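Be aware that the sequence shown starts at 2, since it is given in the numbering used here, and climbs by one per residue.
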Amino acid sequence: MKVYVFVEGPADRIALETLWAGWQEHLWHSGWGIHIIPLDDKSRYFRKIGHRAAEKLVNNDQDLAVGLPDLYPNAEYDRTENRHANLAELKTVQARLVKDALLRVFGISEVAAQTALKRFYPSAMKHDVEVLLLAAVDQLRLVLGTSEALGRWRHPAEDQNQSKPPKYVVEELFLTKQNRAYRDTAHTRAVLGKVTDIKGLLYSHSGQLACAVFKATMDWIAQATRVPGY
Numbered sequence: 002m003k004v005y006v007f008v009e010g011p012a013d014r015i016a017l018e019t020l021w022a023g024w025q026e027h028l029w030h031s032g033w034g035i036h037i038i039p040l041d042d043k044s045r046y047f048r049k050i051g052h053r054a055a056e057k058l059v060n061n062d063q064d065l066a067v068g069l070p071d072l073y074p075n076a077e078y079d080r081t082e083n084r085h086a087n088l089a090e091l092k093t094v095q096a097r098l099v100k101d102a103l104l105r106v107f108g109i110s111e112v113a114a115q116t117a118l119k120r121f122y123p124s125a126m127k128h129d130v131e132v133l134l135l136a137a138v139d140q141l142r143l144v145l146g147t148s149e150a151l152g153r154w155r156h157p158a159e160d161q162n163q164s165k166p167p168k169y170v171v172e173e174l175f176l177t178k179q180n181r182a183y184r185d186t187a188h189t190r191a192v193l194g195k196v197t198d199i200k201g202l203l204y205s206h207s208g209q210l211a212c213a214v215f216k217a218t219m220d221w222i223a224q225a226t227r228v229p230g231y
């Protein structure tokens, strides 16, 4: 049995494989595997997610599929059929694309499509994957080699605005604290590889929920597989 998680790019895949390494091991012992599949970028994600997720759902009636594109930026899709102003609309877009593929490409019935869709969880990274680095502030500080305060950004971590998303914040931190450029594939692995307790990333030191949307995705997988992620 497998969980297929569809993301935009390689940095997302590396980040999730690193963060979920321990969870993946527990899942494996319970007969599950997680496969994280990048679909190149957001535009190509929309072109591919319907067929790719539907194919997994049709091939095995126990497998699960999860959609995790970035919610922002989204303005360029305003004049397309994939327009989405918020998370709820992005979930609806993904569910529609997968359902259309189930019906039109794989030719299953409406009833069968609705049943298969119960094994598809459309969600999102509210911003880019760097939102997880802002949530893992202690580990980020270690990689930056500083015990100083890292500056100010919105809390919860998922609540950054589009004018200064998490990636911009992280890029600025690497320039100011280390005088070098941030490299997403290398530095996401370095930071998230130091996370030993995912719950500490999901919640701030004060107990505030830092990544509600990401937590909900993990909780859905945990409930479906019966293997807790934290």
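Backbone N, C-alpha and C fix where the C-beta goes; we use that ideal spot for every residue, glycine too. Every value quoted in this text rests on a predicted model; they were computed, and no experiment measured them.
Do three or more CB pairs link the region 124-135 to the region 66-79 at distances below 8 Å?
yes
I need the DSSP call for M2, collapsed to helix, strand or coil.
Indexing the sequence shown from 1 puts residue 2 at position 1. If DSSP states are grouped into helix, strand and coil, M2 belongs with coil.
Using C-beta distances below 7 Å, list every residue in its chain close to P11, excluding the 5 sequence neighbours before and after it, in chain order.
By one-based count along the sequence shown, residue 11 stands at place 10. Taken in chain order, the residues that qualify are P39 and T186.
Would you kindly work out how many angstroms separate the C-alpha atoms of S31 and T177, rounded to a whole number?
Start at 1 with the first residue of the sequence shown, and residue 31 comes out as number 30. Start at 1 with the first residue of the sequence shown, and residue 177 comes out as number 176. C-alpha separation (whole angstroms): 44 Å.
Output the boundary residues of the alpha helix (DSSP H) element that contains P167.
Locating residue 167 in the sequence shown gives position 166, counting from the first residue. It spans P167 to Q179 - the alpha helix (DSSP H) in which P167 sits, taken as one unbroken run.
Under DSSP, the alpha helix (DSSP H) around I50 begins and ends at which residues?
Walking along the sequence shown from the start, residue 50 turns up at place 49. Here the alpha helix (DSSP H) through I50 covers K43 to N60.
On the DSSP letters alone, give me the boundaries of the beta strand (DSSP E) that V67 sits inside.
Against the sequence shown, residue 67 aligns to sequence position 66. Looking at the DSSP string, the run of the beta strand (DSSP E) that includes V67 is L65 to L69.
Specify the secondary structure class of Y204 as computed by DSSP and reduced to three states.
If you number the sequence shown from 1, residue 204 lands on position 203. Strand at Y204.
Give me the Cα-Cα distance between N61 and Q179, rounded to the nearest whole angstrom.
For the purposes of this step, residue 61 is identified with residue 60 of the sequence shown, where counting begins at 1. For the purposes of this step, residue 179 is identified with residue 178 of the sequence shown, where counting begins at 1. Going from the Cα of N61 to the Cα of Q179 covers about 48 Å.
Just tell me which of D220, L145, H156 and L203 has its CA closest to the CA of R182.
For the purposes of this step, residue 182 is identified with residue 181 of the sequence shown, where counting begins at 1. The sequence given here has Ala at residue 182, not Arg. Answer by Cα proximity: L145.
In this structure, how does DSSP classify H156 when only helix, strand and coil are distinguished?
Stepping through the sequence shown from its first residue, residue 156 is reached at position 155. Coil at H156, not helix or strand.
Between the Cα of Y231 and the Cα atoms of Q63, I222 and K200, which residue gives the shortest distance?
On the sequence shown, position 230 is the one that residue 231 refers to. With distances taken between Cα atoms, Y231 lies closest to K200.
Leaving out the 5 sequence neighbours to the left and right, which residues in its chain are closer than 6 Å to S27 when beta-carbon positions are compared?
Stepping through the sequence shown from its first residue, residue 27 is reached at position 26. At residue 27 the sequence reads His, which differs from the Ser that was named. Once the five neighbours on either side are set aside, the close Cβ partners of H27 are V228.
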